[in-house]
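Line by line, the protein sequences are chains R and E.
Take the first sequence: its letter number 192 is residue 173 in the working numbering, and every next letter is one higher.
Take the second sequence: its letter number 177 is residue 158 in the working numbering, and every next letter is one higher.
Protein chains: 2
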Amino acid sequence: MSKVKVLLAEDEESLGMIVKESLESRDFIVFHAKNGDEALHFYKLEKPDILVLDVMMPLKDGFTLAKEIRENNKIIPIIFLTAKSQTEDVIAGFNHGGNDYLKKPFSMEELIVRIKALLSRIELKPNLETIKIGTYIFNKTKQTLQYSSDTIQLTHRESELLFYLHEKKNQILDRSFILNKLWGNDDFFNARSMDVFISKLRKKLKKDTDIQIINIRGYGYKLIC
Amino acid sequence: MSKVKVLLAEDEESLGMIVKESLESRDFIVFHAKNGDEALHFYKLEKPDILVLDVMMPLKDGFTLAKEIRENNKIIPIIFLTAKSQTEDVIAGFNHGGNDYLKKPFSMEELIVRIKALLSRIELKPNLETIKIGTYIFNKTKQTLQYSSDTIQLTHRESELLFYLHEKKNQILDRSFILNKLWGNDDFFNARSMDVFISKLRKKLKKDTDIQIINIRGYGYKLIC
DNA sequence: AACATTCGTTAACACTCGTTAACTGTAAAA
DNA sequence: TTTTACAGTTAACGAGTGTTAACGAATGTT
């Protein structure tokens, strides 16, 4: 998995630097903006995975910035950094959706836990529908395989077969199990039909060379990923 | 594969029951403990695969319980259930060795996704484990033998045979044991078939001259490495 | 209704892998 | 040493599988 990109907007130089370094030491990529306008610029340029925004900033405050970004992006998680004096009700107004907040002063532990929590929530939601297979993203309902920006359409049979292969990834998936599940019986002709679909799937999965569908002669297939 | 055992520690009777039933309807086996002590008792008795622990519980809270279990088990996944007011505690939860947490109220979908995510993380790691045999790297799942930059593909039988040879490396691996394990019986023809595979393995392993498959006449083979 | 497209099935031919056979080599028993 | 049973190796064989293309029913389009 690629590193997580964090956009940090914080006008206090020294605090910003410390946070940036701490996050970088935990394998995040951090873009440190010194004000709201700079943050917006970084946002458009770098497509971060999560925003950590100070509320009080020169040129553009954190709330206004968040509002502008939310117009185009409903899912990116935002964590606000608020001063002690900020009234609870204002914060509460922003504390929903993908949002969270931290009162200054905060510990790095606290920040990192919240970042991870928000990221995992966003990562896991699409998991109900999408399945990662190597570098592909497989959507069973849509019957699609995504490889970076390309989308490959699968037929119903291909999709079902891939689903069962993935369910038993790195283990043997029994021939007769698939045949009974997808075709209703495991006679010779259906078996040959299945072989054709295995062949088609291999072709559609060959962009990621780490993925393989291995045949176990006489038993079935094994999806390696 | 056998069913996944979930240990659920939740003191609220009705909530616990609903979660238990929902999980059971999705083919999990659920042990429902009403407090921390009972949970520890179930844990020792039933060897669950994953823990779902409420933080606030009578007798023993979730964090303390997790800490105790972590002393003996570093890998079992733990999900904490926290009340909305306890978000700060989440930090402590991660420090106690928790892997994930859910804020109450939560949806069953969310819980199930998180359980599956954690289980797949733990289940698949050992499967893709690589074994060093001399200067070769053997991957049983992928059925490959790597020698520096070359990758040799093994057949299923070759792979299985090599696996059992390695399991008893530098010791005698009984002929009849392999034959019964891989062929189901140890008749004459299967025995001759096995000899062929030994020959094939020797050929594929001969790049490292320190590796040998020695025959113990009348008993079996010994993999020297 | 006529035509075009899609998708699963069937057929045909190439290739693979485990089995079997045939011949050779070797350690232990006689 | 001779005998004999066990093991090593190679090659042939056939069932199982890989792949491509043709086909036709079902669906979509004009």
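Virtual Cβ for every residue (Gly too), placed ideally from N, Cα, C.
All figures in this text were calculated on a predicted structure; none of them were measured in a lab.
Close Cβ partners of residue i (< 8 Å) along its chain, the five nearest in sequence each way excluded
i         : result
E:Gly(-3) : Leu(-11), Glu(-9), His13 and Lys15
R:Lys28   : Lys(-14)
R:Ile133  : Thr125, Leu126, Gln127 and Lys185
R:Met175  : Leu142, Arg156, Ile159, Leu160, Leu163 and Trp164
E:Ala172  : Arg156 and Leu160
E:Leu135  : Gln124, Thr125, Leu126, Leu143 and Lys185
R:Leu99   : Ile31, Pro58, Ile60, Gly79 and Asp81
R:Ile194  : Leu146, Ile179, Leu182, Arg183, Leu186, Tyr202, Lys203, Leu204 and Ile205
E:Asp42   : Gly17 and Val36
Chain R contact residues for residue i, given Cβ-Cβ distances below 9 Å
i        : result
E:Gln152 : Within 9 Å Cβ-Cβ: nothing; E:Gln152 doesn't reach chain R, min ~28 Å.
Partner residues on chain R for residue i, Cβ-Cβ distance less than 7 Å
i        : result
E:Thr122 : Asn151 and Ile205
Any C-beta of chain E under 8 Å from that of residue i
i        : result
R:Ile59  : no
R:Ile112 : no
R:Ile219 : Given a span of -18 to 206 for chain R in the structure shown, any question on residue 219 of chain R remains unanswerable.
R:Leu186 : no
Chain E contact residues for residue i, given Cβ-Cβ distances below 7 Å
i        : result
R:Arg198 : His137
R:Ile133 : Near R:Ile133 there are no residues of chain E at all, since even the closest Cβ is about 24 Å away, more than 7 Å.
Cβ neighbours of residue i in the same chain (closer than 6 Å, five flanking residues each side left out)
i        : result
R:Lys188 : Tyr128
R:Leu186 : Ile192
R:Ile153 : Ile197, Tyr200, Gly201 and Lys203
R:Leu40  : Asn16, Gly17 and Asp18
R:Thr116 : Asp189
Beta-carbon proximity list for residue i, same chain, < 7 Å, skipping 5 on both sides
i         : result
R:Phe178  : Arg138, Glu139 and Leu142
E:Ser88   : none
E:Ser(-5) : none
R:Glu52   : none
E:Phe144  : Lys121
Any chain R beta carbon closer than 8 Å to residue i
i          : result
E:Val(-15) : no
E:Lys106   : Per-residue confidence for E:Lys106 stands at a pLDDT of 49, beneath the threshold of 50, marking its modelled position as unreliable; the derived number appears in the next sentence. So, not an interface residue.
E:Val0     : no
May I ask you to verify whether the region 114 to 126 of chain R touches the region 161 to 168 of chain R, counting CB pairs closer than 8 Å and requiring at least 3?
no
Mind the definition here: the region 19 to 34 of chain R touches the region 56 to 66 of chain R only if three or more C-beta pairs lie below 8 Å; say whether that holds.
yes
I'd like the ranges of any alpha helix (DSSP H) spanning at least 4 consecutive residues and lying wholly in the region -12 to 47 of chain E.
-6 to 6 and 17 to 27
Segment contact flag, the region 144 to 159 of chain E with the region 0 to 8 of chain E, C-beta cutoff 8 Å, min 3 pairs
no
Ignoring anything shorter than 4 residues or poking outside the region 147 to 191 of chain E, list the alpha helix (DSSP H) runs there in chain order.
156 to 159 and 169 to 185
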